[in-house]
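Asker:
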Amino acid sequence: PAGLPPIVLASSSPFRRQVLSHAGVKLAGTVAPAIDERAIRRDTPEELVRALAAAKADAAAAKAADALGRERCEQLAAQGALLVACDQVVVCGAAGGREVLEKPLDEAEARAMIGRYEREPPSTVGSVAVQRLGADD
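Taking the working numbering, the leading residue of the sequence shown gets -14, the next gets one more, and so forth.
(1) Give the range of the beta strand (DSSP E) segment to which Gln64 is assigned.
(2) Among Gly111, Ala120, Arg117, Leu118, which residue has its Cα nearest to the Cα of Leu33?
(3) Counting pairs of Cβ atoms below 8 Å between the region 104 to 119 and the region 65 to 74, do you hit three or more?
(4) Can you pull the DSSP bridge partners for Val10?
(5) Using the DSSP secondary-structure output, state which residues sit across from Thr15 in a beta bridge.
(6) Give the secondary structure of Leu68 by DSSP, where H, G and I count as helix, E and B as strand, and everything else as coil.
(7) Using CA atoms only, rank isn't needed, just tell me which of Gly78, Leu(-11), Glu92 is closest to Pro30.
(8) According to DSSP, is Arg101 part of a helix, a strand, or is it coil?
(9) Which partner residues of Cys77 appear in the DSSP bridge assignment?
(10) Run through DSSP, which three-state label would Ala(-13) get?
(11) Give every residue of the same chain whose Cβ lies closer than 7 Å to the Cβ of Val85, excluding the five residues on either side of it in the sequence, and list them in chain order.
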């Protein structure tokens, strides 16, 4: 959309790129954050996705110059580019006992999760972290 600053996506997900493309957002670049998502824990799904999105944004910001090229990164930063990171988790269970379902490690775990959905319909919780590319804070 017109008037947006350049957008750099902090993700290696083809799906996230596709969602933004369908929304009319032309990406100036992508940076894979490559964090250990299982190392980040929080008390609620909402807190977890906020922490994961923020960690992805911070990791991508640290890698941006290498991933995009230092000169390109500086040009984008001068144009007010935004670094956008996202996270989403699947949650099962009632409000009092909601459980975050991690990405399955194998096919058996994936099948068990899908089987659980019949008994406990899943929902999702998402978060987006946005920061200026090249910002120190």
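Every residue, glycine too, gets a C-beta built ideally from N, C-alpha and C.
Answerer: Straight from the coordinates:
(1) Your numbering for residue 64 matches position 79 in the sequence shown. Where Gln64 is concerned, there is no enclosing beta strand (DSSP E), given that its DSSP letter is neither H nor E.
(2) Counting from 1 along the sequence shown, the entry for residue 33 is found at position 48. The shortest C-alpha separation from Leu33 is found at Gly111.
(3) yes
(4) Numbered from 1 along the sequence shown, position 25 holds the residue referred to as residue 10. Answer is none; Val10 lacks a bridge partner.
(5) What you label residue 15 is simply residue 30 of the sequence shown in a count that begins at 1. Its beta-bridge partners are Leu(-6).
(6) Position 83 of the sequence shown holds residue 68. Residue state, collapsed to three classes: strand.
(7) Reading the sequence shown from its first residue, position 45 is the one you call residue 30. Ranking the options by Cα distance to Pro30, first place goes to Gly78.
(8) For the purposes of this step, residue 101 is identified with residue 116 of the sequence shown, where counting begins at 1. In this structure, Arg101 counts as helix in the three-state DSSP scheme.
(9) Looking up residue 77 in the sequence shown gives position 92. For Cys77, which the question treats as bridged, DSSP gives the partners Glu84.
(10) On the sequence shown, residue -13 is found 2 positions in, with the first residue counted as 1. If DSSP states are grouped into helix, strand and coil, Ala(-13) belongs with coil.
(11) Taking the first residue of the sequence shown as position 1, residue 85 is located at position 100. Around Val85: Pro30, Leu33, Val74, Val76.
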